[in-house]
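Notes to accompany the following structure.
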Amino acid sequence: MEQQIKVAPYKSGRYIGKVLDNKNDRSLFEVLSVLKHPNQGDLHHPKQVEGVYFHERKALAYREKVWIPNQLLQPYDREIPPYEESLKEAVNALRDELEKMNNDYGKKSLETLAKVVENYSFE
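Residues in the sequence shown are numbered consecutively from 946, following this note's numbering.
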C-alpha cells in the first residue's frame, strides 16, 4: 500500500501524518507533525470550568499511531514540519489564544497547559 500523507483531527488537536493501514472505514494514522495542540478541559463541555472534570490534554507523540475514521482525513501536499518544531508552534498558538480570552476558562487552560508542557522535552 502506498503511504499517503494526510491531516487528521484527533480529540481537539490536528496532526499531519501518514496512513499505514486501512480497515473498513478507518485508517491507521502515524503522527509526524502537530498542526493544532489539543484544547484543555472537558471536550463534552467546552470552555466550562465549573462542575466539570478539567482534563490535561497532551498532543499525540511523534510516530504515535491512532485509528481515524476515513471521512475525517484530508490530503496534505506541503512540506512536513519537524515534529518538535511543530509542537512548539502549536503550544505557542494555543497559549496566545488562551491569554487573549481573559476569563476563567482561559486561566484554567493556561495552568493546565503549563503542566502538560512540563512533560515535553523542549521546555
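Backbone N, C-alpha and C fix where the C-beta goes; we use that ideal spot for every residue, glycine too.
Please read these numbers as outputs of a predicted model, since none were measured by experiment.
> Which residue's Cα is closest to the Cα of Val964: Lys951, Asn1048, Arg1008, Tyr1007?
Replying inline: Across the set Lys951, Asn1048, Arg1008, Tyr1007, the C-alpha of Lys951 shows the shortest separation from the C-alpha of Val964.
>> DSSP three-state label for Leu1076, please.
In response: Outside the modelled stretch of the chain, which goes from 946 to 1068, sits residue 1076, for which no answer is possible.
> Considering only residues of the same chain and omitting the five flanking positions on each side of Pro954, which have a CB-CB separation below 7 Å?
Replying inline: Leu1017
>> Give me, in chain order, the residues of the same chain whose beta-carbon lies closer than 6 Å to that of Asn984; leave out the 5 immediate sequence neighbours on both sides.
In response: Ser957
> Using the rule of at least 16 other Cβ atoms within 10 Å of the residue's Cβ for burial, across every protein chain shown, is Ile1025 buried or exposed?
Replying inline: It is exposed - the Cβ of Ile1025 has fewer than 16 other Cβ atoms within 10 Å.
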